[in-house]
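Working notes, beginning with the structure itself.
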Amino acid sequence: MTTNRRKSIWVFGDYRNYYQNRVTLQLIARAVALAKTINAEVCALIFGHEIDEWIMEYTAHGADRILAIDDPALKSYSTEKYLAIIERLARERDPEIILIGATDFGREFAPRLAKRLKTGLSADCVGLDITEDGLLLQIAPSFGGNMLAEIVTEFHRPQMATVRPGTFKEIPHDYERTAIVERLPLMKGLPKPRVRLIEYERSVEKEHTIENASVIVCGGRGMGNKEKFKKLQELARLLGGDVGATRPVVYAGWAEHNVLVGQAGKHIKPKILFSFGISGAIQHTAGLGEADFIVAINKNPQATMLKMADVAIVGDASDVVNNLIKELKKRIRE
Amino acid sequence: MKLVVCIKQVPKVTELPWDEKTGTLRRDLASGMMNPACKHALEAALQIKENHNASITVITMGPPAAEEMLREALAMGADEAILICDWLLAGSDTFATSLVLKEAIKKQCPKFDLILCGAYTADSETAQVGPQLAEELDLPAAAYVEKMEITGKTLRVRRLVDNFRETLEMEFPALVTVSMENYKPRYTSLAGLENAFDQKDVSVLDAKSLGLSSSSIEQKGSRTRVRKVFLRKAQKGNVVLQGAASNVVHEFLDRYQRKIGTVIGKSIEEKKQHDDK
Chain A
215 MTTNRRKSIW VFGDYRNYYQ NRVTLQLIAR AVALAKTINA EVCALIFGHE IDEWIMEYTA
275 HGADRILAID DPALKSYSTE KYLAIIERLA RERDPEIILI GATDFGREFA PRLAKRLKTG
335 LSADCVGLDI TEDGLLLQIA PSFGGNMLAE IVTEFHRPQM ATVRPGTFKE IPHDYERTAI
395 VERLPLMKGL PKPRVRLIEY ERSVEKEHTI ENASVIVCGG RGMGNKEKFK KLQELARLLG
455 GDVGATRPVV YAGWAEHNVL VGQAGKHIKP KILFSFGISG AIQHTAGLGE ADFIVAINKN
515 PQATMLKMAD VAIVGDASDV VNNLIKELKK RIRE
Chain B
383 MKLVVCIKQV PKVTELPWDE KTGTLRRDLA SGMMNPACKH ALEAALQIKE NHNASITVIT
443 MGPPAAEEML REALAMGADE AILICDWLLA GSDTFATSLV LKEAIKKQCP KFDLILCGAY
503 TADSETAQVG PQLAEELDLP AAAYVEKMEI TGKTLRVRRL VDNFRETLEM EFPALVTVSM
563 ENYKPRYTSL AGLENAFDQK DVSVLDAKSL GLSSSSIEQK GSRTRVRKVF LRKAQKGNVV
623 LQGAASNVVH EFLDRYQRKI GTVIGKSIEE KKQHDDK
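The listed protein sequences correspond, in order, to chains A and B. Counted from 1, the first sequence has number 539 at position 325 by our numbering; the numbering is strictly sequential. Counted from 1, the second sequence has number 491 at position 109 by our numbering; the numbering is strictly sequential.
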């Protein structure tokens, strides 16, 4: 029944933080490029209530087709409802690829969908391509070292990946663009969810996260000890920025978990990133996204972090922090 | 009440020794430890055990050396430990791992009420095994759980996902993955550790005892294949500054203070007259 249908790359529409997190648009953009290589269409999925805004946005940003289900029962996100819906749609339509943003929701939802569809899934990809054999090449951080892995799902479909926000650039919007919009009714006979949403609210903590900071002062073990690490606060204050930390530092109790930068923590995109005493393990650098300008300080000239930097300062991180504080106090005029 | 905690051993050092010549990890140089988020999950189970009449089974899939981590879990207060260990299972992806864990749980503790996993592991960080195990066992589940309350057969959890603070409820049996926000793991005394080595047993299961043969593992197992692993390339051509800290900082600011000033919206400039006084 689906044999002569055109191949399709599906992008899950994760819209509830649309203004803070544009990962769906980034995925649509990447899917458009991949689709050219394998002659496929790009199809965005949108489930929710009163979703016309997202239909318009995803169309304007490059989707060829939209599968939309607009129903009051889908007013809030539900892993179980979405699972049941996409499982059915995927069985009917056999998508070649499903891409899902590596948001918290995506990373909880995608593994379960992959399991239901009995297919493979790679986590938190930082690159996507098409191999010479036409497979989706999924590039994901791996093995806890400074490494990336090339992963393929050879024998099962769809090929699935969650993708780190900030990995790809969105296509600028064009409100003249059109897409085939299929408005589908909510299917009958979906199983009743067993997880009940009792309450939810947008967290007020949001205002304070480092994900949107324009200056971030990040510290690693090379800061020496907790006392010396605390000096980063003062530097961050002078620069109107936030402090970030690597995992060893968080585990050592020098910093709170909510400032962890990296794969398991926050993904940042500051205009200026100061990196003090950080060697540059992939788990950390994976969170640096598109930091515009990186200043790294490390006493090991071979440190990966120095190689990634625009300005690499070879020296003791703590000494440089102290001198920077002293000198900035002299030079900054309010 | 019956709790199952899935834990994983991960390399102790974050920055693994990397062999530049062969392009491989020197795993032999890295020693193992209990993955921190898994330890938080175990702590959550221990706190449930303190307030409710519960027993805890810890379960891991890994090399023989993972037994040490299971002993630590027993010392912390777990009641039973299971090691799934078989070379046939080496290199399993999350699809295969969750299948194997399901088989082990069905065989060893089918009457569980709650399964707890760490929200992610420190080595691969896919965060996929917990949710996939929930699918395998057809359970209601929640990831990134920060806080749990149990009333009768009902589990209420609090969590933060994508900046939404959520309260969810579900009935047992259920599965949660535990974040590292709360449930700070307790300290394990050396005496407790020694005790755990002397007095408690670790059951060891292989693939065969779980009804898995090499052909069924091939058929039902891993869906993904790692084609190659490579060092992440450094991206920027860079300016290198070195020397005494104070000199370097002067040079750095002289060159970049305008750029920094623009970003932070303040004027940064050297005030020579101050230095002279």
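Think of the CB as a built atom: it goes at the ideal place given N, C-alpha and C, for glycine as much as any other residue.
Query - Length at least 3, wholly inside the segment 494-530 of chain A: the beta strand (DSSP E) runs in chain order - result: 507-512, 525-528
Query - Helix, strand or coil at residue 459 of chain A [DSSP, three-state] - result: In the first sequence, counting from the first residue as 1, residue 459 of chain A sits at position 245. Looking at residue 459 of chain A - three-state DSSP - the assignment turns out to be strand.
Report task. Output, in chain order, the set of chain B residues within a Cβ distance shorter than 9 Å of residue 412 of chain A. Result -> Here the question's residue 412 of chain A lines up with position 198 in the first sequence. Simply 538, 548, 549, 550, 551.
**Report entry** Nearest-angstrom Cβ-Cβ length linking residue 237 of chain A and residue 245 of chain A, presumed shorter than 8 Å
**Finding:** Counted from its first residue, the first sequence places residue 237 of chain A at position 23. Counted from its first residue, the first sequence places residue 245 of chain A at position 31. Not confirmed; about 12 Å, so no contact.
Query - Residue-chain proximity (residue 454 of chain A, chain B), Cβ-Cβ < 8 Å - result: As a working mapping, residue 454 of chain A is identified with position 240 in the first sequence. Chain B, which has a Cβ nearer than 8 Å to the Cβ of residue 454 of chain A, makes this yes.
Query raised in the report: When you compare only the Cα positions, how much space is there between residue 334 of chain A and residue 312 of chain A?
Result: Here residue 334 of chain A corresponds to residue number 120 of the first sequence, with the count starting at 1. Here residue 312 of chain A corresponds to residue number 98 of the first sequence, with the count starting at 1. For residue 334 of chain A and residue 312 of chain A, the distance between alpha carbons rounds to 11 Å.
Query raised in the report: Where does residue 338 of chain A sit, in a helix, a strand or coil, going by DSSP?
Result: As a position in the first sequence, residue 338 of chain A is number 124, starting the count at 1. Residue 338 of chain A: strand per DSSP, three-state reduction.
Query - Assigned exposure category for residue 622 of chain B - 16 Cβ within 10 Å defines buried - result: Position 240 of the second sequence, counted from the first residue, corresponds to residue 622 of chain B. With fewer than 16 other Cβ atoms within 10 Å, it is exposed.
Query raised in the report: Straight-line CA distance for residue 328 of chain A to residue 497 of chain B?
Result: The count along the first sequence starts at 1 and reaches residue 328 of chain A at position 114. The count along the second sequence starts at 1 and reaches residue 497 of chain B at position 115. Going by the C-alpha atoms only, they are around 20 Å apart.
Report task. Report the residues of the segment 242-254 of chain A with a CB closer than 9 Å to any CB of chain B, ordered along the chain. Result -> none
Query raised in the report: In the structure shown, what three-state DSSP assignment does residue 589 of chain B receive?
Result: As a working mapping, residue 589 of chain B is identified with position 207 in the second sequence. In this structure, residue 589 of chain B counts as coil in the three-state DSSP scheme.
Query raised in the report: Taking any Cβ of chain B, which residues in the segment 456-471 of chain A have a Cβ under 9 Å from it, in chain order?
Result: 460, 461, 462, 464, 465, 471
Query raised in the report: Near residue 603 of chain B, which residues of its chain fall below 6 Å by C-beta distance, leaving aside the five closest residues on each side in sequence?
Result: Within the second sequence, residue 603 of chain B is the residue found at index 221, counting from 1. Contacts found: 478.
Query raised in the report: Mind listing which residues of the segment 517-537 of chain A have their C-beta closer than 7 Å to chain B's C-betas, in chain order?
Result: 518, 521, 522, 523, 524, 525, 526, 527, 528, 529, 530, 533, 534, 537
Query raised in the report: How should residue 401 of chain A be labelled, buried or exposed, when 16 other C-beta atoms within 10 angstroms of its C-beta is the threshold for buried?
Result: Position 187 of the first sequence holds residue 401 of chain A. Counting Cβ neighbours within 10 Å, residue 401 of chain A comes out exposed, since fewer than 16 surround it.
Query raised in the report: Whose CA, out of A:453, A:493, A:452, lies closest to the CA of residue 459 of chain A?
Result: In the first sequence, the residue the question calls residue 459 of chain A occupies position 245. Out of A:453, A:493, A:452, A:493 has the C-alpha closest to the C-alpha of residue 459 of chain A.
**Report entry** Selection from A:498, A:527, A:513 that minimises the alpha carbon distance to residue 632 of chain B
**Finding:** What you label residue 632 of chain B is simply residue 250 of the second sequence in a count that begins at 1. Checked all of A:498, A:527, A:513; the closest Cα to residue 632 of chain B is A:527.
**Report entry** residue 578 of chain B beta carbon less than 8 Å from that of residue 457 of chain B
**Finding:** Taking the second sequence and counting its residues from 1, one reaches residue 457 of chain B at position 75. Taking the second sequence and counting its residues from 1, one reaches residue 578 of chain B at position 196. Yes, the pair counts as a contact, with Cβ atoms nearer than the cut-off.
Report task. Can you grab the Cα-Cα spacing for the pair residue 529 of chain B / residue 386 of chain A, in whole Å? Result -> Within the second sequence, numbered from 1, the residue matching residue 529 of chain B stands at position 147. Within the first sequence, numbered from 1, the residue matching residue 386 of chain A stands at position 172. Approximately 41 Å, taken between the alpha carbons.
Query raised in the report: Does residue 261 of chain A get closer than 8 Å to chain B when you measure Cβ to Cβ?
Result: Against the first sequence, residue 261 of chain A aligns to sequence position 47. Not an interface residue.
Query raised in the report: Do residue 254 of chain A and residue 225 of chain A have their C-beta atoms within less than 8 Å of each other?
Result: Walking along the first sequence from the start, residue 254 of chain A turns up at place 40. Walking along the first sequence from the start, residue 225 of chain A turns up at place 11. No, Cβ-Cβ distance for residue 254 of chain A and residue 225 of chain A is not below 8 Å.
Report task. Grab me the residues of residue 624 of chain B's own chain with a C-beta within less than 8 Å of its C-beta, minus the 5 sequence neighbours each way, in chain order. Result -> Against the second sequence, residue 624 of chain B aligns to sequence position 242. Excluding residues within five positions, the ones whose Cβ falls inside 8 Å are 630.
Report task. Please say whether residue 297 of chain A and residue 261 of chain A have beta carbons closer to each other than 8 Å? Result -> In the first sequence, the residue the question calls residue 261 of chain A occupies position 47. In the first sequence, the residue the question calls residue 297 of chain A occupies position 83. Cβ distance not < 8 Å, so residue 261 of chain A and residue 297 of chain A don't count as in contact.
Report task. List the whole-angstrom C-beta distance separating residue 499 of chain B from residue 388 of chain B, where the pair is believed to meet the contact cut-off of C-beta under 8 Å. Result -> Position 117 of the second sequence holds residue 499 of chain B. Position 6 of the second sequence holds residue 388 of chain B. Rounded, the Cβ-Cβ distance is 5 Å, consistent with contact.
Report task. Please state whether DSSP places residue 330 of chain A in a helix, a strand or coil. Result -> Taking the first residue of the first sequence as 1, we reach residue 330 of chain A at position 116. Helix, per DSSP.
Report task. Pull out every residue of the segment 219-232 of chain A whose Cβ sits closer than 9 Å to any Cβ of chain B, in chain order. Result -> 228, 230, 231
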